[in-house]
Amino acid sequence: MACADVRNRTSRWVGFALLTAMLVVSLGMRLDNLDAFLTADEPLWYTRSLNFREALITGDYAATYQRHHPGVLTMWSGALAANFVEWVDGIDPAVEVGQRVEDGRIIPPGVQPLTQWSRRVIGVVTWLGIIGIVLLVRHVFGNRIAAIALPFVALDPFFLAHSRVHHLDAVLTTFMTLSALSLVAAERRGLHIGYLALSAASAGLAFANKVSAGFLAPWLMISLVVYWITEHKPDAAAPRRRPSVWKLLGLGLLWGLVMILAFGAVWPAIWVSPVETVRLFVERAVKEGTTPHSGGNFFLGVSRADPGAGLYPMAWILRSTPWVVIGVILALYFTVRLRHRMKDTRSLWLYVVVISAAMMLNAKKFDRYLLPIFPVMDVLAAWGWGLLLERLIETVRRRYAEETAFLAVVAVMAVSQFAMVWPTRPYYLSYYNPLAGGTRTAPRLILVGWGEGMDQTGRYLSQKPNAENLVVANQDVNMFHTFFVGQAYRITEVPLTEPDYFVLYVNRVQREYDPDLLAILADQVPEHVVSINGLEYAWIYPNTIYQKEIRDIVSAIESDGSSEGAPVLFNTRVAFARHYRGPLSLIPVHQPTEDEAIADIVGQALVDREYLWFVHIPGIGDDTSSRIQEFLESHGDVTKQITIGDVVATRYDVS
Numbered sequence: 239m240a241c242a243d244v245r246n247r248t249s250r251w252v253g254f255a256l257l258t259a260m261l262v263v264s265l266g267m268r269l270d271n272l273d274a275f276l277t278a279d280e281p282l283w284y285t286r287s288l289n290f291r292e293a294l295i296t297g298d299y300a301a302t303y304q305r306h307h308p309g310v311l312t313m314w315s316g317a318l319a320a321n322f323v324e325w326v327d328g329i330d331p332a333v334e335v336g337q338r339v340e341d342g343r344i345i346p347p348g349v350q351p352l353t354q355w356s357r358r359v360i361g362v363v364t365w366l367g368i369i370g371i372v373l374l375v376r377h378v379f380g381n382r383i384a385a386i387a388l389p390f391v392a393l394d395p396f397f398l399a400h401s402r403v404h405h406l407d408a409v410l411t412t413f414m415t416l417s418a419l420s421l422v423a424a425e426r427r428g429l430h431i432g433y434l435a436l437s438a439a440s441a442g443l444a445f446a447n448k449v450s451a452g453f454l455a456p457w458l459m460i461s462l463v464v465y466w467i468t469e470h471k472p473d474a475a476a477p478r479r480r481p482s483v484w485k486l487l488g489l490g491l492l493w494g495l496v497m498i499l500a501f502g503a504v505w506p507a508i509w510v511s512p513v514e515t516v517r518l519f520v521e522r523a524v525k526e527g528t529t530p531h532s533g534g535n536f537f538l539g540v541s542r543a544d545p546g547a548g549l550y551p552m553a554w555i556l557r558s559t560p561w562v563v564i565g566v567i568l569a570l571y572f573t574v575r576l577r578h579r580m581k582d583t584r585s586l587w588l589y590v591v592v593i594s595a596a597m598m599l600n601a602k603k604f605d606r607y608l609l610p611i612f613p614v615m616d617v618l619a620a621w622g623w624g625l626l627l628e629r630l631i632e633t634v635r636r637r638y639a640e641e642t643a644f645l646a647v648v649a650v651m652a653v654s655q656f657a658m659v660w661p662t663r664p665y666y667l668s669y670y671n672p673l674a675g676g677t678r679t680a681p682r683l684i685l686v687g688w689g690e691g692m693d694q695t696g697r698y699l700s701q702k703p704n705a706e707n708l709v710v711a712n713q714d715v716n717m718f719h720t721f722f723v724g725q726a727y728r729i730t731e732v733p734l735t736e737p738d739y740f741v742l743y744v745n746r747v748q749r750e751y752d753p754d755l756l757a758i759l760a761d762q763v764p765e766h767v768v769s770i771n772g773l774e775y776a777w778i779y780p781n782t783i784y785q786k787e788i789r790d791i792v793s794a795i796e797s798d799g800s801s802e803g804a805p806v807l808f809n810t811r812v813a814f815a816r817h818y819r820g821p822l823s824l825i826p827v828h829q830p831t832e833d834e835a836i837a838d839i840v841g842q843a844l845v846d847r848e849y850l851w852f853v854h855i856p857g858i859g860d861d862t863s864s865r866i867q868e869f870l871e872s873h874g875d876v877t878k879q880i881t882i883g884d885v886v887a888t889r890y891d892v893s
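Using the numbering used here, you'd call the opening residue of the sequence shown number 239 and step up by one each time.
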């Protein structure tokens with residue numbers, strides 16, 4: 239008997255140590271290397287958080303409405319992070335990369351200090367949420383299923399990846415999951431009012447962060463109706479009766495009231511201007527939800543505005559792990575076969591169906607919009623595995639051996655889950671399910687890339703000689719410029735002859751952005767390719783567009799004995815002119831240029847000169863080019879011309 243007690247205590251301590259280790263590892267993975275890369279939307283939440291904080295400080299609470307999402311908890315995270323930047327780093331939270339701070343330091347290239355601290359806050363919030371999720375699973379399903387659920391949820395690669403960015407979806411997912419599990423806990427205890435209140439409060443906090451949490455309300459109503467229908471009338475010995483319709487309605491209204499109170503409690507704009515805030519919030523959210531993404535989308539190898547409902551099942555399979563996919567299949571099997579166990583997971587299945595259907599009906603679709611179902615699917619997978627293991631170890635006669643076998647299986651699950659996710663560090667968004675083909679098939683099926691790898695392009699180019707004077711044209715400058723010491727522009731912001739390098743990004747290439755440039759670069763070999771986890775994310779190309787012709791034209795003018803020190807006017811900005819250190823005076827004309835400006839530019843070029851060269855590069859600034867030529871021809875004579883390829887240099891002698 240004493241030996242059995244010792245073994246049981248040992249088993250409990252081993253289990254406790256295993257679960258604690260998983261939590262510690264999960265927290266570390268959320269807080270490690272947060273300077274890795276910047277997602278496309280984080281600069282927006284950087285600005286909104288500063289505006290939100292300023293509104294709090296000045297008492298202009300109406301100004302805490304920044305966006306229709308509305309992103310309140312995300313902005314609270316940024317506001318709290320701003321305090322940490324002041325207290326810990328000792329600098330202004332609004333400081334940007336490259337700026338000098340009070341003690342003389344210059345903020346180095348990378349993620350802004352405020353964004354890094356905001357990521358830490360969100361990482362801790364989601365980690366605490368995971369503890370709450372596991373405790374609720376333990377209450378509803380027992381210790382064993384909670385033990386299986388912990389590695390599935392804590393090391394879910396998609397949830398983990400979003401827990402590391404200053405954005406909406408990880409916080410939203412945390413509170414939506416807590417709301418769902420709290421309702422299940424309430425149902426298990428006869429609609430316990432405490433758990434119902436917890437569900438409602440969590441829903442309100444989720445709704446304050448993103449409007450999609452509003453779909454928890456119809457899910458709750460459906461769940462309560464199904465609960466009422468399936469709750470059997472008690473026999474004579476049963477002390478509890480099925481709730482009346484009026485009680486059910488009252489509990490539903492109470493849930494809604496608590497949700498609204500929680501929603502309003504954390505959003506100061508509601509305190510001072512509730513009607514106008516709600517009007518703007520609803521009006522703009524509806525418009526956003528009924529309009530496809532302006533930047534387009536990609537699905538099954540085709541660039542399209544709306545990828546359709548099929549995106550989400552595909553995204554879940556690709557973003558999940560083998561353990562979870564198999565566990566969900568087991569959960570479906572046991573739900574169908576074991577009718578007496580159906581009520582265990584009924585509301586969770588309804589949650590998955592309602593939230594997924596709502597996302598499918600939304601015109602704007604991205605894989606991250608489905609994130610709120612991931613922890614719930616992880617829990618369902620844990621339930622499926624738990625029932626299977628329950629049957630497999632029923633044959634073990636000794637309690638100690640049974641516990642040992644169970645802990646061994648959980649340890650294998652946890653270690654293998656970790657082993658699949660860890661190699662993608664710190665780019666956890668680059669994980670794709672090997673059961674679905676992994677990174678080999680993902681870029682052919684769904685839109686991939688949300689900034690991961692763009693940091694590497696910036697750091698690679700920053701190591702170039704004279705990098706401060708380089709100009710780079712990028713398909714998404716927001717994710718690039720903070721990692722680069724030179725000048726960065728969108729490809730559409732500059733003429734194609736101006737950049738020293740072009741940077742292409744995978745999700746832009748998938749959506750066929752900048753088709754003219756893509757056609758030009760199609761036959762060129764990139765200088766550098768950024769690959770993560772076997773998937774190519776970014777390509778760096780040196781600019782060769784007319785660069786050889788321009789170089790040869792300038793060389794020919796230099797060789798012309800009568801043009802020593804001559805001014806050379808270009809009809810557009812060119813990379814070669816920016817780096818030129820020769821005897822000529824190269825003058826690129828900025829586009830567009832008015833006639834008065836043209837006269838001024840030519841006049842300055844002709845100071846102490848009676849001639850100049852004009853270089854026409856075709857297809858770029860043709861209108862300005864023709865006006866320059868008209869001006870020069872009306873004031874001088876063509877005396878010489880050099881043609882190399884399609885580039886033409888003309889000498890004008892002006893009297």
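Even for Gly, the Cβ is constructed at its ideal location relative to N, Cα and C. Just so you know, these numbers come straight off a predicted model, no measurement behind them.
(1) With DSSP collapsed to three states, give me the class of F275.
(2) Using DSSP with H/G/I as helix, E/B as strand and the rest coil, what is S594?
(3) Where do the ends of the alpha helix (DSSP H) carrying E832 lie?
(4) Give the straight-line distance between the Cα atoms of D860 and I866, rounded to the nearest whole angstrom.
(5) Taking DSSP's pairing of strands, which residues face V709 in a bridge?
(6) Looking at A620: is its Cβ nearer than 7 Å to the Cβ of E736?
(7) Inspect the beta-carbon positions of L374 and A423 and report whether they are closer than 7 Å.
(8) Between M260 and V648, what straight-line distance do the alpha-carbon atoms span, to the nearest angstrom?
(9) On the DSSP bridge assignment, give the partners of R746 in chain order.
(10) Using the Cα positions of I795 and Y784, report the straight-line distance between them to the nearest angstrom.
(11) Which two residues bound the contiguous beta strand (DSSP E) that contains W851?
(12) V768 and G691 - do their beta-carbons sit closer together than 7 Å?
(13) Tell me whether A475 is buried or exposed, calling it buried when 16 or more other Cβ atoms sit within 10 Å of its Cβ.
(14) Mind checking Q762: buried by the 16 CB within 10 Å criterion, or exposed?
(15) Whose CA, out of T573, V566, K602, lies closest to the CA of R542?
(16) Please state the DSSP three-state secondary structure of R305.
(17) Select from T296, T353, V333 the residue whose C-alpha is nearest the C-alpha of L318.
(18) With distances taken Cα to Cα, identify the nearest neighbour of S420 among S437, R427, I431.
(19) Given 8 Å as the limit, is there contact between the stretch 604 to 620 and the stretch 558 to 567, that is, 3 or more CB pairs closer than that?
(20) How long is the line joining the alpha carbons of V516 and P308, rounded to whole angstroms?
(21) Taking DSSP as the reference, what is the three-state secondary structure of V686?
(22) Give the secondary structure of T583 by DSSP, where H, G and I count as helix, E and B as strand, and everything else as coil.
(23) Which residues bound the beta strand (DSSP E) around A293?
(24) Taking C-beta to C-beta, are L410 and R357 nearer than 7 Å?
(25) Apply the 10 Å Cβ neighbour rule to P472 and answer buried if 16 or more other Cβ atoms are within range, or exposed otherwise.
(26) Closer than 8 Å is the cut-off here; do at least three beta carbon pairs connect the stretch 690 to 708 with the stretch 275 to 289?
(27) Looking only at C-alpha atoms, which of F852, F808, G696 sits nearest to Y779?
(28) Per DSSP, what kind of secondary structure is A776 in: helix, strand or coil?
Per the coordinate set shown:
(1) coil
(2) helix
(3) First-last for E832: undefined, no H or E at that position.
(4) 10 Å
(5) Q725
(6) no
(7) yes
(8) A straight line joining the alpha-carbon of M260 with that of V648 spans about 11 Å.
(9) Looking at the DSSP assignment, R746 forms no beta bridge with any residue, so it has no partner.
(10) A direct Cα-to-Cα measurement between I795 and Y784 gives close to 16 Å.
(11) 849 to 854
(12) For G691 and V768, yes; Cβs fall inside 7 Å.
(13) Residue confidence is low: A475 scores 46 on pLDDT, short of 50, so the model does not pin down where it sits. Its coordinate-derived value is still stated next. Exposed is the call here.
(14) Q762 comes out exposed.
(15) K602
(16) Under the three-state reduction of DSSP, R305 is assigned to coil, being neither helix nor strand.
(17) Sorting T296, T353, V333 by C-alpha distance to the C-alpha of L318 places T353 at the top.
(18) S437
(19) yes
(20) 10 Å
(21) coil
(22) helix
(23) Premise fails: A293 lies in the alpha helix (DSSP H), 280 to 296, not in any beta strand (DSSP E).
(24) no
(25) Per-residue confidence for P472 stands at a pLDDT of 48, beneath the threshold of 50, marking its modelled position as unreliable; the derived number appears in the next sentence. Exposed, since its Cβ has fewer than 16 Cβ neighbours within 10 Å.
(26) yes
(27) G696
(28) strand
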